[in-house]
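In full-length UniProt numbering, the protein residues as written are 1 to 116.
Note that CB positions come from ideal geometry on N, CA and C, so glycine has one too.
Comments concern the structure below.
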């Protein structure tokens with residue numbers, strides 16, 4: 001018997017605006033992991049929040065079931081991104097779960113209700 005291993009396909013996209021970058025990696029289990037990188041300025045934080053919003057809406061359109069991210073609690077982007085995600089949840093785009101883990105904030109957005 002011959003064993004064959006298939007590499008899981010991953011879809012990666014990157015959005016940039018000014019000093020903010022949001023990278024989204026989606027895998028076969030329909031979960032997207034979002035990484036936010038910014039400088040420490042408020043303009044970059046607001047740009048990052050807007051890019052995260054676009055990434056989540058794109059995940060909904062592609063039929064993904066969840067978005068997961070980890071945010072640095074000391075970054076101005078953390079508050080801006082959380083505000084944007086709360087706004088999306090308030091408009092029926094999934095449910096938001098936020099937990100603190102030391103110096104990070106773990107964020108999970110369940111998109112199943114939005115894509116139904």
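Check residue i in the structure and name its three-state DSSP category.
i: residue 96; result: strand
i: residue 53; result: helix
i: residue 60; result: helix
i: residue 7; result: Legend: pLDDT at residue 7 = 40, less than 50; position of this residue unreliable, value from coordinates given subsequently. Of the three classes helix, strand and coil, the one that applies to residue 7 here is coil, per DSSP.
i: residue 43; result: helix
Can you name, in chain order, every residue of its own chain whose Cβ lies under 6 Å from the Cβ of residue i, other than the five neighbours on each side?
i: residue 110; result: 66, 94 and 95
i: residue 37; result: 21
i: residue 35; result: 23
i: residue 53; result: 84
Who are the Cβ neighbours of residue i in its own chain at under 7 Å, not counting the five residues just before and after it?
i: residue 80; result: 45, 46, 48 and 49
i: residue 43; result: 18
For residue i, collect the residues of the same chain with a Cβ closer than 8 Å to its Cβ; drop the 5 residues on either side in sequence, then sort them by chain order.
i: residue 103; result: 72, 73 and 74
i: residue 64; result: 26, 30, 31, 32, 111 and 115
Could you give the first and the last residue of the continuous alpha helix (DSSP H) run that contains residue i?
i: residue 87; result: 76-90
Where does the unbroken beta strand (DSSP E) through residue i begin, and where does it stop?
i: residue 111; result: No beta strand (DSSP E) contains residue 111, which DSSP labels as neither H nor E.
i: residue 23; result: 20-26
i: residue 11; result: 11-17
i: residue 191; result: Since the first residue shown for the chain is 1 and the last is 116, residue 191 is missing from the structure and cannot be characterised.
i: residue 31; result: 31-38
Taking only beta-carbon positions, decide if residue i is within less than 8 Å of chain B.
i: residue 58; result: Judged by its chain identifiers, the structure shown contains no chain B, having just a single protein chain.
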